[in-house]
Structures are given as structure tokens and as C-alpha cells.
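Scroll down for the structure; my scribbles are underneath it.
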Amino acid sequence: MATPGAVHGEFRSVTPAALANQALWTAGHALTSGAFLLFFARELGAAGTVIALLLVVPETAAVAGLAARPVIRRLGGRKRTWMLGTLASRAVALGIPLAAFPGMTGSDAGGLWLIVAFLALSQAVQGIAYVSFVSWLADLVPEGRWGRFFAVRNIAYVVTLMIVSLAAGAMRDWWTEVLPPRSGLYAYAIAFSLGTALQIVSLVPMVRFPEIALGRRAPRRASGQSPESEATSGRAASTSFALLWRNRSLRCLLIHNWWLAAANGLTQSAFFLFLTGPLGVGLAMYSALLIVMRLTMVPTSWIAGIVSDRRGNRGLLMWSVLAASSGLLCWLAATPDQWWWVIAAHVLWGAFAAANIAGRNLLLKLSPPDDTATSLALFRNVGGWIAGMSGLAGGLWLDALLSGTEPASGTDLESFRLLFAISFAGRATSVLWLLGVREPHDECS
Numbered sequence: 000m001a002t003p004g005a006v007h008g009e010f011r012s013v014t015p016a017a018l019a020n021q022a023l024w025t026a027g028h029a030l031t032s033g034a035f036l037l038f039f040a041r042e043l044g045a046a047g048t049v050i051a052l053l054l055v056v057p058e059t060a061a062v063a064g065l066a067a068r069p070v071i072r073r074l075g076g077r078k079r080t081w082m083l084g085t086l087a088s089r090a091v092a093l094g095i096p097l098a099a100f101p102g103m104t105g106s107d108a109g110g111l112w113l114i115v116a117f118l119a120l121s122q123a124v125q126g127i128a129y130v131s132f133v134s135w136l137a138d139l140v141p142e143g144r145w146g147r148f149f150a151v152r153n154i155a156y157v158v159t160l161m162i163v164s165l166a167a168g169a170m171r172d173w174w175t176e177v178l179p180p181r182s183g184l185y186a187y188a189i190a191f192s193l194g195t196a197l198q199i200v201s202l203v204p205m206v207r208f209p210e211i212a213l214g215r216r217a218p219r220r221a222s223g224q225s226p227e228s229e230a231t232s233g234r235a236a237s238t239s240f241a242l243l244w245r246n247r248s249l250r251c252l253l254i255h256n257w258w259l260a261a262a263n264g265l266t267q268s269a270f271f272l273f274l275t276g277p278l279g280v281g282l283a284m285y286s287a288l289l290i291v292m293r294l295t296m297v298p299t300s301w302i303a304g305i306v307s308d309r310r311g312n313r314g315l316l317m318w319s320v321l322a323a324s325s326g327l328l329c330w331l332a333a334t335p336d337q338w339w340w341v342i343a344a345h346v347l348w349g350a351f352a353a354a355n356i357a358g359r360n361l362l363l364k365l366s367p368p369d370d371t372a373t374s375l376a377l378f379r380n381v382g383g384w385i386a387g388m389s390g391l392a393g394g395l396w397l398d399a400l401l402s403g404t405e406p407a408s409g410t411d412l413e414s415f416r417l418l419f420a421i422s423f424a425g426r427a428t429s430v431l432w433l434l435g436v437r438e439p440h441d442e443c444s
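Counting in numbering that gives the first Met the number 0, the sequence shown runs without a single skipped number right up to 444 at its last residue.
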């Protein structure tokens, strides 16, 4: 196994390889998840319950990433865990296109539950693979370049997702018009299989880079740790959730992220229903709003990467979360006559790109070098699970608020605004937890 110093000299070759990996993976992701998967399920007759499960299952199942550290030790390294986990998760995901063949599933209803089952299992394995990959990747790159490195990866993600999603949507519209319904399902299966193949190919650019042992990154005393706990954190065998929780800065950062995830998740279904209901926004405008947000994320990511490396992450995280949270004020102001407020909201949501970069970099800086995988799982995977559960709760609450209201009477608008106001309060107050975080700055350059 190599040390970080041995590969930092290869940083210029790590970056293009990581960008190729990100672009290939994202292209495959656009064909195997999100709207594309939901449309596939709708063609099979999926109703509210199954659609809700498909929205929640990926983040919920990914909480399995908490098991990454013992799996890494069992398999002998983070690179190996990432590669084997990715191959295993993609192999399982190939069961999803089988739903297009009722002779194999018994019925379309059986196919829908097959999708849910294979999606859950594949995302659980992928959750372990993901945290292993990011933990390994962080040790391949000098700490003082994390901001710019993860920024360009984020740009590759946003641009690829935007291009492939538009192309996939156009392709789906074309075959819906020219193919019989059942043949259209087969087209979904082919596209899904192609996406899975792209995700497997995404491993290739990173194959030549070496494994790095856990804990080989230069140790630092994380803010909020005593010298005694620092010494303890250097012993891999004793690293535990309890030890991570004793790090005051890391604890406050995790609570901030979970608090923000709960507030974000609350309005998952409310945004979509508000746009397509009271505001009367069509599919074309809905797609255009997503493009506006993603275009804003490109320069935001680049600027955030530079700021992260030169000035640190805590302040960047606080201001970007506040900027993105202010988008809820635009949702509160939107009405059927002034629907354009949601355009401003999507521009402000571009700040989430900066929050994602700063939050992950700050987490990596505060984590013990020998347990970044567990910290990443607590931050991203547990945060995703909380957002999913909050999304379910928000959807049920919105249904209860809307039951019995008269559409376009004004009462339905107030139901949506109640959730928007509570979500805004949660998002904005999440930054208060960051006041308890002290960021080490000696690596910034």
C-alpha cells in the first residue's frame, strides 16, 4: 500500500481520472435513477405508495454505509471495497430491468415490487462503496487542494447530469410516440442496462491508482479534542462512534447536517405539488427550472473550491446554507399570478453546490485520519436517511392539510406555505450549530 505522499505527486493525473470517473458514473446514474426510474415505474402502473418508496429507498438503504469501516478492514482496503462494492451493487441493479418482462415477474405489480427490492439492496451495497471511495479519494489528493478538486468533480457531475438527463428525456418522449406500450418498457430496460454498464466502466480510470492504508494521512488535533482523545484516535482499533462523538467540532457539524437534512426533506413533495398544482407549471418549465439551478451550480462550485482552499470551509458553509435557505422566501412569495418567484428560488439553490463542497471538506478535516469512512457515513448516509424520513412525514402532513380544502381557494396555498415556513426556519437555524465548530486552517493554501 502507498502513502499519501507517494501519490500526491500524481495529483495532476488523479484529477482527470476522477473527472472521467464522475462523468461516466453520472451518465449511468441519469439512466438508472431519478425521473427515468420513476417513469419506468409509472409505465408499470406505479401509484402513490410505490412512487414514495422509490423516492425514499435510495437514501434510506444507503445508511448501510455505516458498516463501511469493518467491511474495509475485512476486504483489505478502501479501493478494493469501492470496486467490489460497485460491481456487486451494479450486478444487483441489473435485476431492475427484469420488471419489463412480466413472464419473469408474474405481473406488472410483481415487477414493481421487484424494482423496490433490487433498488434497496443495490443502494445498500453502494452506500458502503461510496463512503469507501470518497475516503480513499481524499487521501489521493493533498488536503490543501480538496476544495478545487471536489469543486471540479461537482462541476463534472452537474454538467453531465444536465446533458444526459435532457437527452434521456428526449429519447423517452420519442419512443413513447413511436413504440407500442410494451415495447416502450423494453426500451427502458435497454437504457437502464446501458446506464449500469457506464457505471461499471467508470471504475476503469481509477484502477491504476494505489491503495492507501487507513490512518496514513498526517494526523492533526481536531478542534474540540483533548490531547488524550487525540492519542486515542490514533489507534485504529479503538476508533468508535463514541470517540467521534466526543469531538465537539465534529459533533456540531454532524448535528448541523442532520438538522438541515430534516428541514430540507420536509418539503420534498410539497415543492413538486405546489409547482404542478396551484402554480400550474408544466413539464417544460419544470425542466427549465432544474437547468437554471444546475447552471448556477457550475460557477458556484468553482468559486467555492477556491474559497475552500484559501479561506477555509466553516464560513463558506454558513453563508451558502443561508443563501440557499433564502430560496424558501421566494416560495412563500410565489402565487399563481407571480409564479416567477420560483425562478429566483432555483437561482439561490445553486448555493447548495458550495454547501456540499464546504461541508464534506470540513468533515474530512475534522475526522480522525483512520476513520474518515465512518465520519462520511454519519454525515452523508445518515443525513440522507433523515431527509428521506422527513420527506415521508412531510408528504403525509401535506396530504392531511390539503384534505378537504378547495383547490385554488387560497386555503391550499396556505397549507403549502406552512411547510415552506417551517422548512425555512429549520434550514436557517441549522447554521447555529456551526458556531460550535472550530476549523483547523494550517492546511489551507
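A virtual CB, placed ideally from N, CA and C, is assigned to each residue, including glycine.
Going by beta-carbon coordinates alone, are residue i and residue j separated by less than 7 Å?
i	j	result
S201	L23	yes
L412	H255	no
S131	S88	no
L113	A98	yes
W384	V62	yes
T371	L361	no
R247	L331	no
L30	A40	no
F423	L288	no
T175	G183	yes
L111	A45	yes
S430	L252	Reading the sequence as shown, one finds Val at residue 430 and not Ser. No, these two residues do not count as a Cβ contact at 7 Å.
L17	L197	According to the sequence shown, residue 17 is Ala rather than Leu. No, the Cβ-Cβ distance between A17 and L197 is not below 7 Å.
P204	N20	yes
S324	A420	no
R147	G304	yes
V124	G84	yes
G126	N380	yes
A60	A119	yes
L249	L242	no
G143	W257	no
W81	A128	yes
Strictly by DSSP, which residues pair up with residue i?
i	result
I305	DSSP output for I305 lists no bridge partner at all.
May I ask whether a heavy atom of the ligand ZN can be found less than 6 Å away from the beta carbon of residue i?
i	result
I162	In the structure shown, the ligand ZN is absent, as is every other ligand, since no ligand is present at all.
Looking at the unbroken alpha helix (DSSP H) that takes in residue i, where does it start and where does it end?
i	result
D172	145-177
D398	381-401
V320	313-324
S268	267-275
F100	Note, F100: premise wrong, no alpha helix (DSSP H); not H, not E.
L37	33-42
W339	First-last for W339: undefined, no H or E at that position.
L74	67-74
Once DSSP output is grouped into helix, strand and coil, what is the label at residue i?
i	result
A241	helix
N256	helix
R437	coil
V13	helix
V280	coil
N355	helix
L52	helix
N246	coil
R220	Below a pLDDT of 50, predicted positions are generally treated as unreliable, and R220, at 44, falls in that range; no measurement from the model is reported.
D369	coil
V140	coil
E227	Reliability fails at E227, whose pLDDT of 36 lies under 50, so the model's placement of it is uncertain and the value that follows must be treated cautiously. E227 falls in the helix class under three-state DSSP.
S201	coil
L93	coil
P335	coil
V62	helix
V206	coil
A22	helix
A45	coil
contact_flag[the segment 373-389, the segment 261-272] where n(CB pairs < 8 Å) is 3 or more:
Of all C-beta pairs linking the segment 373-389 to the segment 261-272, three or more are shorter than 8 Å, placing the two stretches in contact.
When you compare the segment 333-351 with the segment 364-377, are there three or more beta-carbon pairs, one atom per stretch, that lie closer than 8 Å?
In short, these stretches do not touch, since the Cβ pair count stays below three.
Does the segment 184-204 come close enough to the segment 339-353 to have 3 or more Cβ pairs within less than 8 Å?
Result no; under three Cβ-Cβ pairs closer than 8 Å.
Using 8 Å as the threshold, is the segment 262-281 in touch with the segment 391-401, meaning 3 or more CB pairs across them?
A contact between stretches requires three or more CB pairs, one per stretch, nearer than 8 Å, and the segment 262-281 meets this requirement with the segment 391-401.
Are the segment 315-323 and the segment 347-354 touching by the rule of at least three beta carbon pairs closer than 8 Å?
Result yes; three or more Cβ-Cβ pairs closer than 8 Å.
Measuring CB atoms only, is the segment 157-165 touching the segment 290-297, in the sense that at least three cross pairs come out at less than 8 Å?
In short, these stretches touch, since the Cβ pair count reaches three.
Is the number of C-beta pairs between the segment 72-87 and the segment 125-139 that are closer than 8 Å three or more?
Because the criterion of three Cβ pairs below 8 Å is met, the segment 72-87 and the segment 125-139 touch.
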